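Inspection log for the structure reproduced underneath, given as structure tokens.
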Amino acid sequence: RKVWEMCAFAAFLVGREVVEPMRKRGQGTLLFTGASASLRGNTGFAAFAGGKHALRALAQSMARELGPEGVHVAHIIIDGLIDNPSTKALFPDMFEARMPDGILRPDDIAEAYWQLHRQPRSAWTFEMDLRPYKEQW
């Protein structure tokens, strides 16, 4: 239950709170962060996959409902390790083997999110995958 609350319910609560001001302005951007588990499950990741599937469905429903009102809702799939201290601590060998360009850099992720936010209304993206060039998919 805790994983579902973190992945899906928290996103629902955030969305519920921020959407009304965006609707009133007729514009806004709401970006949800998914994972590979948003699209497929894997051994040992049932709870995480269930939560991320739910998040993706929530984002898709919100995009269809809010898009016509000027609110851009997108779902970003992060497919790979992210360069941060916890990743390095949890997966030190994998981290070192993939450096420097085989791990997602937070600044590069932020740039992709910024570009989504800046998209013209005539060409909105709903779903985008971000992965390092070395990541197998």
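For the sequence shown, our numbering gives the first residue as 1130, with consecutive numbering after it.
Cβ atoms here follow ideal geometry from the backbone N, Cα and C, with glycine treated the same way.
Since this is a predicted model, take the numbers as computed values, not measurements.
Query raised in the report: Contact check, Leu1210 vs Arg1227 under 8 Å by CB: the rounded distance?
Result: Mapped onto the sequence shown, residue 1210 falls at position 81. Mapped onto the sequence shown, residue 1227 falls at position 98. Indeed, because the Cβ distance is near 7 Å, the residues count as touching under 8 Å.
Query raised in the report: First and last residue of the beta strand (DSSP E) that includes Glu1194?
Result: For the purposes of this step, residue 1194 is taken as residue 65 along the sequence shown, with counting starting at 1. Counting along the chain, Glu1194 falls outside any beta strand (DSSP E), though it belongs to the alpha helix (DSSP H) covering 1175-1195.
Query raised in the report: Do the segment 1211-1222 and the segment 1167-1182 touch if we need at least three Cβ pairs shorter than 8 Å?
Result: no
Query raised in the report: How would you call Arg1185, buried or exposed, if buried means at least 16 neighbouring beta carbons within 10 angstroms?
Result: Looking up residue 1185 in the sequence shown gives position 56. Buried is the call here.
Query raised in the report: Would you report the Cα separation of Ala1218 and Ile1232, rounded to the nearest angstrom?
Result: Indexing the sequence shown from 1 puts residue 1218 at position 89. Indexing the sequence shown from 1 puts residue 1232 at position 103. C-alpha separation (whole angstroms): 14 Å.
Requested in this report: Would you check if the distance between the CB atom of Ala1183 and the CB atom of Ala1137 is smaller than 8 Å?
Outcome: Position 54 of the sequence shown holds residue 1183. Position 8 of the sequence shown holds residue 1137. It is a contact, given that the beta carbons lie within the stated cut-off.
**Report entry** Nearest-angstrom Cα separation, counted from Ser1190 out to Leu1142
**Finding:** Counting from 1 along the sequence shown, the entry for residue 1142 is found at position 13. Counting from 1 along the sequence shown, the entry for residue 1190 is found at position 61. In a straight line, the C-alpha of Leu1142 is about 14 Å away from that of Ser1190.
Requested in this report: Could you work out which residue in Pro1261, Lys1131, Trp1243 is closest to Phe1224 when comparing CA atoms only?
Outcome: If you number the sequence shown from 1, residue 1224 lands on position 95. Taking only the C-alpha atoms, the option nearest Phe1224 is Pro1261.
Query raised in the report: Can you tell which of His1204, Gly1199, Ala1178, Trp1133 has its C-alpha closest to the C-alpha of Phe1161?
Result: Position 32 of the sequence shown holds residue 1161. Among His1204, Gly1199, Ala1178, Trp1133, the Cα nearest to that of Phe1161 belongs to His1204.
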